[in-house]
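In numbering that gives the first Met the number 0, the protein residues as written are 0 to 325.
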Amino acid sequence: MAGNNAKHKFQPKEIQNMKSKFFRALFALFITTFAVAAFSAHAAKVRVITTLTDLADFTREIGGDHVDVFSLATGIEDTHGVPMKPSFVPRMNRADLLINVGLGCEHAFLPALLEASKNPKIQYGEPGYVDCSVGIVPAEVPKSTDHSAGDVHPYGNPHYMLDPVRAKTALETIYNALIAKAPQYQADFTRNRNAYLTKLNAKIAEWKKQAEPLKGLAFVSYHEHWVYFADRFGMRYAGTIELKPGVDPTAHHIENTINMMKADKIPFVVREPQFPEKVPALIARQAGAALIKLPIMPGGVPHTETYIEMMDYIINAFVSAQQRSH
Numbered sequence: 000m001a002g003n004n005a006k007h008k009f010q011p012k013e014i015q016n017m018k019s020k021f022f023r024a025l026f027a028l029f030i031t032t033f034a035v036a037a038f039s040a041h042a043a044k045v046r047v048i049t050t051l052t053d054l055a056d057f058t059r060e061i062g063g064d065h066v067d068v069f070s071l072a073t074g075i076e077d078t079h080g081v082p083m084k085p086s087f088v089p090r091m092n093r094a095d096l097l098i099n100v101g102l103g104c105e106h107a108f109l110p111a112l113l114e115a116s117k118n119p120k121i122q123y124g125e126p127g128y129v130d131c132s133v134g135i136v137p138a139e140v141p142k143s144t145d146h147s148a149g150d151v152h153p154y155g156n157p158h159y160m161l162d163p164v165r166a167k168t169a170l171e172t173i174y175n176a177l178i179a180k181a182p183q184y185q186a187d188f189t190r191n192r193n194a195y196l197t198k199l200n201a202k203i204a205e206w207k208k209q210a211e212p213l214k215g216l217a218f219v220s221y222h223e224h225w226v227y228f229a230d231r232f233g234m235r236y237a238g239t240i241e242l243k244p245g246v247d248p249t250a251h252h253i254e255n256t257i258n259m260m261k262a263d264k265i266p267f268v269v270r271e272p273q274f275p276e277k278v279p280a281l282i283a284r285q286a287g288a289a290l291i292k293l294p295i296m297p298g299g300v301p302h303t304e305t306y307i308e309m310m311d312y313i314i315n316a317f318v319s320a321q322q323r324s325h
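In structure tokens form, the structure reads like this:
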């Protein structure tokens, strides 16, 4: 009798429902697995905050796909006074590494951001705090700590990144920090570092040859950004429009600068984008010099998004101004 069947037989509709549930479950499992894998891949990246854009460019070159890099500066700011944004704090809270120029360059904004970040990994003295000035012998170390003389460069001039040879020291510091943080990627970091160094060394040789006509020529700038650059390319750094680092010029200092430039026949005035054009333009005009607008980090002027593009721009601008003056 039908009512006494020992076993229940599944009907076609029930079988179809079971298949549908099975494939839905399988699809859900696939999506979940894919999402977890994607999240894990993203989470495996080394999260890096850099203070300035040149350090960010170096970090991306070495780190490749294994790093997530964010620069506090965009390139147009004063390196000593990058505006502090609330959005910086959560980024720094999640960072694995904080890479900075050092020598007190970021003294006006970095300490407060580090404190607000509540991130123990990137505090001063911790492995995640990466000071790229280690290995740099600073120029212009003040004999006195009296800040009335200007307090922007208390540990010596921090603008060594404008010398591409000294910048290689920062590159090596970043490389070592990335390996220490993510040794599983060492082979990739080494390959990337070596490839970039090959390219950078070739460009340094090219820049030195291109800058031959600049040797012995003098220039003034608004701020003391160019000491290391002048040393590398054989130029003479004749002074600054600022009275002292971080101290605006007086009328007397402007007059003295103009007279000095006339007497020494100094051909160039450099104006960094971070500072107003009015005074540098006045000095250049009255001294009979060329006014050159130069970036101090990548992104400072258009078409300088990388370190190499920035250095190309600087050398080309000087050489073009020198050619026009003849």
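All residues carry an ideal CB built from backbone N, CA and C; glycine is no exception.
Skipping 5 residues on each side, what residues in its chain have a beta carbon closer than 7 Å to that of residue i?
i	result
A181	V45 and H65
N118	M91, N92 and A94
A111	M83
L290	V268, R270, P279, A280 and A283
I178	Q185 and F188
F330	Look at the range of the chain in this structure, 0 to 325, and you will see that residue 330 is not part of it.
Taking the alpha-carbon positions, what's the residue i to residue j distance?
i	j	result
P137	D187	32 Å
N315	A210	9 Å
E304	F232	22 Å
L54	G127	15 Å
W225	N156	9 Å
E254	L109	36 Å
S319	P212	11 Å
N258	K292	22 Å
Y312	Q185	33 Å
L242	V47	36 Å
Y154	R235	22 Å
K167	L196	8 Å
A107	A204	36 Å
N193	E171	10 Å
T32	A43	Below a pLDDT of 50, predicted positions are generally treated as unreliable, and T32, at 43, falls in that range; the measurement from the model is reported next regardless. One C-alpha to the other measures close to 16 Å.
H252	E276	17 Å
Y159	Q183	31 Å
L28	D67	Residue placement at L28 cannot be trusted, given a pLDDT of 43 that sits under 50; what the coordinates show is reported in the next sentence. Distance between the alpha carbons of L28 and D67: 29 Å.
T49	K207	28 Å
K198	N191	11 Å
A250	T256	10 Å
Check the DSSP bridge columns for residue i and list the partner residues they point to.
i	result
N175	According to DSSP, which records beta bridges pairwise, N175 is partnered with nothing at all.
P153	G155
V278	In the DSSP output, where bridge partners are listed per residue, V278 has none listed.
I48	F69 and L97
V269	S220 and I291
D130	N99
Which residues in the same chain as residue i place their Cβ atom closer than 6 Å to its Cβ, once the five residues preceding and following it in sequence are excluded?
i	result
T73	G298
K261	A286
T52	S70, A72, G74, M296, P297 and G298
C104	T78 and P157
A237	A217, V219 and I265
Q273	D77
G80	A107
P294	V300, T303 and M309
H152	P244
L25	Because L25 carries a pLDDT of 41, less than 50, the predicted location of this residue cannot be relied on, and the following value inherits that uncertainty. Counting only Cβ-Cβ distances below 6 Å, and skipping sequence neighbours, we find nothing.
I121	A94, L97, G127 and Y128
For residue i, count the other beta carbons within 10 Å of its own beta carbon; 16 or more makes it buried, fewer makes it exposed. Which is it?
i	result
K133	Checking the sequence shown, residue 133 turns out to be Val, not Lys. Burial call: exposed.
E76	buried
A176	buried
Y123	exposed
G101	buried
S324	exposed
E223	buried
E125	exposed
P248	buried
S116	buried
V140	exposed
P85	exposed
D263	exposed
P89	exposed
A201	exposed
S39	In this prediction, S39 scores a pLDDT of 44, lower than 50, which makes its location untrustworthy; the coordinate-derived value is nonetheless stated afterwards. S39 should be labelled exposed.
Going along the chain, which residues of its own chain have a beta-carbon closer than 8 Å to the beta-carbon of residue i, five neighbours each way excluded?
i	result
I173	L54, F57, T58, I61, I98, V129 and C131
T239	V219, S220, Y221, H222 and E223
Would residue i pass as an interface residue toward chain D - the criterion being a Cβ-Cβ separation below 8 Å?
i	result
H222	The structure shown contains no chain D; it holds only a single protein chain.
Closer than 7 Å: is that where the CB of residue i sits relative to any heavy atom of the ligand PLP?
i	result
E171	Absent from the structure shown: the ligand PLP. Ligands present: none.
Problem - Continuous alpha helix (DSSP H) assignments of at least 4 residues falling wholly in the stretch 223-261 - result: 226-232
Problem - Length-filtered (3 minimum) beta strand (DSSP E) runs lying within the stretch 285-323 - result: 289-292
Handout entry: Those runs of the alpha helix (DSSP H) which lie wholly inside the stretch 70-105 and span at least 4 residues
Key = 87-92
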